[in-house]
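K.L.:
One structure, pasted below without further comment.
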Amino acid sequence: MGQQYAARLAGALRSKYQCAAWLVSLPLVLAACGGQSIVLMADPGGHVGQAEVVTAAGKQRLEKSGDMTQTSGEAKPPSAVKTADPAYIASTFAEVLAIEPPPPQVFTLMFESGTTNLTTASLDQIPNIVAASQKRPAVSVRISGHTDATGSDKVNDALSQERAMQVWNLLQQKGIPARLMSVTSHGKGNPAIPTPDGVAEPRNRRVVVIVH
Amino acid sequence: MKIISRWFFIALLPIASAFAESSETVGHIQTLQGQAFIQRAGTTLPAAIGAELRKSDQIRTGKPAAVGIVLTDDTTISLGSNSELSLSDYAFEPKQSKFALSLKMIKGTFSYITGQIVKLSPDSARIQTPDATIAVRGTKLLVEIKD
Numbered sequence: 468m469g470q471q472y473a474a475r476l477a478g479a480l481r482s483k484y485q486c487a488a489w490l491v492s493l494p495l496v497l498a499a500c501g502g503q504s505i506v507l508m509a510d511p512g513g514h515v516g517q518a519e520v521v522t523a524a525g526k527q528r529l530e531k532s533g534d535m536t537q538t539s540g541e542a543k544p545p546s547a548v549k550t551a552d553p554a555y556i557a558s559t560f561a562e563v564l565a566i567e568p569p570p571p572q573v574f575t576l577m578f579e580s581g582t583t584n585l586t587t588a589s590l591d592q593i594p595n596i597v598a599a600s601q602k603r604p605a606v607s608v609r610i611s612g613h614t615d616a617t618g619s620d621k622v623n624d625a626l627s628q629e630r631a632m633q634v635w636n637l638l639q640q641k642g643i644p645a646r647l648m649s650v651t652s653h654g655k656g657n658p659a660i661p662t663p664d665g666v667a668e669p670r671n672r673r674v675v676v677i678v679h
Numbered sequence: 130m131k132i133i134s135r136w137f138f139i140a141l142l143p144i145a146s147a148f149a150e151s152s153e154t155v156g157h158i159q160t161l162q163g164q165a166f167i168q169r170a171g172t173t174l175p176a177a178i179g180a181e182l183r184k185s186d187q188i189r190t191g192k193p194a195a196v197g198i199v200l201t202d203d204t205t206i207s208l209g210s211n212s213e214l215s216l217s218d219y220a221f222e223p224k225q226s227k228f229a230l231s232l233k234m235i236k237g238t239f240s241y242i243t244g245q246i247v248k249l250s251p252d253s254a255r256i257q258t259p260d261a262t263i264a265v266r267g268t269k270l271l272v273e274i275k276d
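Line by line, the protein sequences are chains E and B.
Heads up, the first sequence is in our numbering, so the first residue is 468 and it goes up one at a time.
Heads up, the second sequence is in our numbering, so the first residue is 130 and it goes up one at a time.
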């Protein structure tokens with residue numbers, strides 16, 4: 468029992484010592500023990516967006532890749548933005564970056580006008596989708612029907628739902644297990660090309676299959 | 130023999146239910162190293178690749194361990210060792226213009242890549258850490274929360 472206590476005490480002291488060692492050996496990083504660090508990065512497509520970090524006492528905006536701010540309690544504002552040390556990123560986030568799931572494979576399928584028949588080019592994509600799901604192997608295959616912003620929502624939604632179901636049927640026939648697949652209709656709510664209401668855009672009338 | 134097979138079946142139920150996709154599914158576990166757990170309504174499920182996730186699930190990793198999660202809007206969240214995340218709120222129904230994403234990063238290391246909710250309705254998404262709220266527009270974040 469005494470041995471356990473001694474081991475725990477040694478562990479606590481060691482982590483405190485490690486904490487102090489960080490502060491001494493990496494003055495540029497100023498890693499606050501018990502604090503939080505937030506770093507902005509480019510997404511897999513290379514795009515850098517922005518983030519705003521807000522505590523009860525203030526906020527900081529991150530705008531460039533590598534921008535970092537740190538917090539140490541909600542009663543203090545986030546620290547002034549600085550550039551994260553690449554060595555800090557590499558060592559702290561190594562596990563997290565290694566486990567990141569790969570980006571999904573996205574397939575866009577088009578139909579003969581007003582029908583639930585895939586165009587020839589899109590029919591040719593079906594085996595590619597099946598192959599992709601088997602190669603990954605997929606944890607989910609999401610099929611979503613989409614419309615453009617013209618005509619009756621009700622008619623459009625019904626058609627996009629039927630089209631998505633048609634794709635589901637084909638994929639199931641070709642061997643993708645039903646338990647992996649889900650079918651939804653996004654109506655006009657998730658366009659490929661945003662348009663105002665009432666504007667026709669055939670490229671929005673599609674079924675999208677996302678393989679994760 | 131009958132009794133053994135019944136208990137075997139019952140023992141498999143938590144594992145089977147971890148894979149069953151329902152309208153409550155908000156995402157899946159896509160990558161996994163080591164041990165991780167899903168805490169849901171007072172039960173603890175072992176995480177496995179392909180397991181579905183639901184709103185209010187809490188995901189916890191062991192040490193060493195790491196897990197990669199993908200939500201139904203393509204939001205991607207990765208956790209390193211000894212990390213804890215709560216999927217506090219989630220809704221992705223573009224047809225009804227219904228969007229919500231609230232993640233609580235409790236401790237550990239994270240990578241967060243935004244998905245369609247942030248693309249279509251950035252104000253509907255936020256990350257909560259012990260000290261701060263983070264609003265994000267179309268990007269990737271790395272977050273470290275020290276104990």
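C-beta atoms are modelled at their ideal positions from N, C-alpha and C, and glycine is treated no differently.
Looking at the C-beta of Thr223 of chain B, does it have a partner C-beta in chain E at a distance below 8 Å?
P.N.:
Numbered from its first residue, the second sequence carries residue 223 of chain B at position 94. Residue identity differs from the one stated: residue 223 of chain B is Pro in this sequence, not Thr. Yes, its Cβ sits closer than 8 Å to a Cβ of chain E.
K.L.:
For Thr538 of chain E and Glu273 of chain B, what's the separation of their Cα atoms in angstroms?
P.N.:
Indexing the first sequence from 1 puts residue 538 of chain E at position 71. Indexing the second sequence from 1 puts residue 273 of chain B at position 144. Near 10 Å, if we compare the C-alpha coordinates of Glu273 of chain B and Thr538 of chain E.
K.L.:
Do Val521 of chain E and Met535 of chain E count as a contact pair if the criterion is CB distance below 8 Å?
P.N.:
Position 68 of the first sequence, counted from the first residue, corresponds to residue 535 of chain E. Position 54 of the first sequence, counted from the first residue, corresponds to residue 521 of chain E. No, the pair does not count as a contact, with Cβ atoms beyond the cut-off.
K.L.:
Would Ala565 of chain E pass as an interface residue toward chain B - the criterion being a Cβ-Cβ separation below 8 Å?
P.N.:
One-based indexing of the first sequence puts residue 565 of chain E at position 98. Yes - at least one Cβ of chain B is within 8 Å of the one on Ala565 of chain E.
K.L.:
Determine the DSSP secondary structure at Lys248 of chain B, reduced to helix, strand or coil.
P.N.:
Taking the second sequence and counting its residues from 1, one reaches residue 248 of chain B at position 119. If DSSP states are grouped into helix, strand and coil, Lys248 of chain B belongs with the helices.
K.L.:
Under 8 Å between beta-carbons, which chain E residues line up against Ser210 of chain B? List them in chain order, please.
P.N.:
For the purposes of this step, residue 210 of chain B is taken as residue 81 along the second sequence, with counting starting at 1. The contacting residues are Glu562.
K.L.:
What ranges does the alpha helix (DSSP H) occupy inside the region 609–657 of chain E, keeping only unbroken runs of at least 4 residues that lie completely in it?
P.N.:
620–640, all fully within the region 609–657 of chain E.
K.L.:
Quick one: Cα of Thr243 of chain B to Cα of Leu230 of chain B, how far?
P.N.:
Indexing the second sequence from 1 puts residue 243 of chain B at position 114. Indexing the second sequence from 1 puts residue 230 of chain B at position 101. In a straight line, the C-alpha of Thr243 of chain B is about 10 Å away from that of Leu230 of chain B.
K.L.:
Helix, strand or coil: how does DSSP classify Val678 of chain E here?
P.N.:
Residue mapping note: residue 678 of chain E aligns to position 211 of the first sequence, counting from 1. Reduced to three states, the DSSP call for Val678 of chain E is strand.
K.L.:
Determine the direct distance from the alpha carbon of Lys248 of chain B to that of Ala599 of chain E, and round the result to whole angstroms.
P.N.:
Taking the first sequence and counting its residues from 1, one reaches residue 599 of chain E at position 132. Taking the second sequence and counting its residues from 1, one reaches residue 248 of chain B at position 119. Cα-Cα distance, rounded: 25 Å.
K.L.:
For a quick check, are the C-beta atoms of Tyr215 of chain B and Ile246 of chain B less than 8 Å apart?
P.N.:
The sequence position of residue 215 of chain B within the second sequence is 86, counting from 1. The sequence position of residue 246 of chain B within the second sequence is 117, counting from 1. Before going further, note that residue 215 of chain B is Ser rather than Tyr in the sequence given. Going by C-beta atoms, Ser215 of chain B is not nearer than 8 Å to Ile246 of chain B.
K.L.:
Would Glu562 of chain E be called buried (16 or more neighbouring beta carbons within 10 Å of its own) or exposed?
P.N.:
Translated into positions along the first sequence, residue 562 of chain E becomes position 95. Buried.
K.L.:
Round the Cβ separation of Val573 of chain E and Ile677 of chain E to the nearest angstrom and send it over; I've been treating them as touching at under 8 Å.
P.N.:
Translated into the one-based positions of the first sequence, residue 573 of chain E becomes position 106. Translated into the one-based positions of the first sequence, residue 677 of chain E becomes position 210. Their Cβ separation, rounded to whole angstroms, is 5 Å, which keeps Val573 of chain E and Ile677 of chain E in contact under 8 Å.
K.L.:
Any beta carbon of chain E sitting closer than 8 Å to that of Glu213 of chain B?
P.N.:
Mapped onto the second sequence, residue 213 of chain B falls at position 84. Closer than 8 Å: no.
K.L.:
Given that a residue counts as buried once 16 or more other Cβ atoms are within 10 Å of its Cβ, and exposed if not, what is Asn680 of chain E?
P.N.:
Residue 680 of chain E falls outside the range modelled here, since chain E spans only 468 to 679, and no answer is possible.
K.L.:
With DSSP as the reference, label Ile253 of chain B as helix, strand or coil.
P.N.:
Here residue 253 of chain B is taken as the residue at index 124 of the second sequence, counted from 1. Looking at the sequence shown, residue 253 of chain B is not Ile but Ser. Ser253 of chain B: helix per DSSP, three-state reduction.
K.L.:
Please name the residue, chosen from B:Leu208, B:Ala261, B:Arg169 and B:Ser253, that lies closest to Ala565 of chain E on a Cα-to-Cα basis.
P.N.:
On the first sequence, residue 565 of chain E is found 98 positions in, with the first residue counted as 1. Checking every option, the nearest Cα to that of Ala565 of chain E belongs to B:Leu208.
K.L.:
Using a Cβ-Cβ cut-off of 6 Å (strictly less than) and excluding sequence neighbours within five positions of Ser611 of chain E, which residues of its own chain qualify?
P.N.:
Taking the first sequence and counting its residues from 1, the one referred to as residue 611 of chain E is at position 144. Same-chain partners within the cutoff: Thr651, His653 and Val675.
K.L.:
Using a cut-off of 9 Å between C-beta atoms, extract the partners of Thr559 of chain E located in chain B.
P.N.:
Looking up residue 559 of chain E in the first sequence gives position 92. Under the 9 Å cutoff, chain B gives Gly209, Thr238, Leu271 and Glu273.
K.L.:
Within the same chain, show all residues whose beta-carbon is closer than 6 Å to that of Ala195 of chain B, passing over the 5 residues directly before and after it, in chain order.
P.N.:
Along the second sequence, one-based indexing puts residue 195 of chain B at 66. So the list reads Gln162 and Gly209, once near-sequence residues are dropped.
K.L.:
Under the three-state reduction of DSSP, which class applies to Ser217 of chain B: helix, strand or coil?
P.N.:
Within the second sequence, numbered from 1, the residue matching residue 217 of chain B stands at position 88. Residue state, collapsed to three classes: strand.
K.L.:
Just to confirm the assignment, what range does the alpha helix (DSSP H) spanning Ser240 of chain B have?
P.N.:
Reading the second sequence from its first residue, position 111 is the one you call residue 240 of chain B. Premise fails: Ser240 of chain B lies in the beta strand (DSSP E), Lys227 to Ile242, not in any alpha helix (DSSP H).
K.L.:
Going by the beta-carbon positions, is the gap between Gln168 of chain B and Ile198 of chain B smaller than 8 Å?
P.N.:
In the second sequence, the residue the question calls residue 168 of chain B occupies position 39. In the second sequence, the residue the question calls residue 198 of chain B occupies position 69. Result no, Cβ atoms of Gln168 of chain B and Ile198 of chain B do not sit closer than 8 Å.
K.L.:
So Ala454 of chain E and Lys543 of chain E are in contact, right, with Cβ under 8 Å, and what is the actual spacing, rounded?
P.N.:
Residue 454 of chain E cannot be examined here, being either before or after the span of chain E that is shown, 468 to 679.
K.L.:
Counting contacts by CB-CB distance shorter than 8 Å, is Val196 of chain B in contact with chain E?
P.N.:
Residue mapping note: residue 196 of chain B aligns to position 67 of the second sequence, counting from 1. It does: the Cβ of Val196 of chain B has a partner Cβ on chain E nearer than 8 Å.
K.L.:
Nearest-angstrom Cα distance between Gly156 of chain B and Asp276 of chain B?
P.N.:
Within the second sequence, numbered from 1, the residue matching residue 156 of chain B stands at position 27. Within the second sequence, numbered from 1, the residue matching residue 276 of chain B stands at position 147. Taking the straight line joining both Cα atoms gives about 27 Å.
K.L.:
Could you give the distance in angstroms between the alpha-carbon of Leu585 of chain E and the alpha-carbon of Asn595 of chain E?
P.N.:
Within the first sequence, numbered from 1, the residue matching residue 585 of chain E stands at position 118. Within the first sequence, numbered from 1, the residue matching residue 595 of chain E stands at position 128. If you take the alpha carbons of Leu585 of chain E and Asn595 of chain E, they lie about 15 Å apart.
K.L.:
Can you give me the C-alpha to C-alpha distance between Thr201 of chain B and Ser627 of chain E, rounded to a whole angstrom?
P.N.:
The residue labelled residue 201 of chain B in the question sits at position 72 within the second sequence. The residue labelled residue 627 of chain E in the question sits at position 160 within the first sequence. Looking at the two C-alpha atoms, the distance is approximately 19 Å.
K.L.:
Would you decide whether Val622 of chain E is buried or exposed? Buried here means 16 or more other CB atoms lie within 10 Å of its CB.
P.N.:
Mapped onto the first sequence, residue 622 of chain E falls at position 155. It is exposed - the Cβ of Val622 of chain E has fewer than 16 other Cβ atoms within 10 Å.
K.L.:
Just the chain B side, please: which residues come within less than 8 Å of Val521 of chain E by C-beta, in chain order?
P.N.:
Here residue 521 of chain E corresponds to residue number 54 of the first sequence, with the count starting at 1. Chain B residues near Val521 of chain E: Ala261, Thr262, Ile263 and Ala264.
K.L.:
Helix, strand or coil for Gln592 of chain E, going by three-state DSSP, please let me know.
P.N.:
Counted from its first residue, the first sequence places residue 592 of chain E at position 125. Gln592 of chain E falls in the helix class under three-state DSSP.
K.L.:
Would you list the one or two residues that DSSP bridges to Ala518 of chain E?
P.N.:
If you number the first sequence from 1, residue 518 of chain E lands on position 51. In the DSSP output, where bridge partners are listed per residue, Ala518 of chain E has E:Leu529 and B:Val265.
K.L.:
Taking Met577 of chain E as the reference, which of E:Pro569, E:Leu590 and E:Ile556 has the closest Cα?
P.N.:
Position 110 of the first sequence, counted from the first residue, corresponds to residue 577 of chain E. Of the candidates E:Pro569, E:Leu590 and E:Ile556, the one whose C-alpha sits nearest the C-alpha of Met577 of chain E is E:Leu590.
K.L.:
In chain order, what residues of the same chain have a beta carbon less than 7 Å from the beta carbon of Gln503 of chain E, not counting five sequence neighbours either side?
P.N.:
Numbered from its first residue, the first sequence carries residue 503 of chain E at position 36. Result list for Gln503 of chain E: Gln537 and Thr538, in chain order.
K.L.:
Note down, in chain order, every chain E residue with its Cβ under 7 Å from the Cβ of Gly179 of chain B.
P.N.:
The count along the second sequence starts at 1 and reaches residue 179 of chain B at position 50. Per Cβ cutoff of 7 Å: Val606.
K.L.:
Tell me the rounded alpha-carbon separation between Asp186 of chain B and Pro545 of chain E.
P.N.:
Your numbering for residue 186 of chain B matches position 57 in the second sequence. Your numbering for residue 545 of chain E matches position 78 in the first sequence. Cα to Cα, the separation comes out at about 29 Å.
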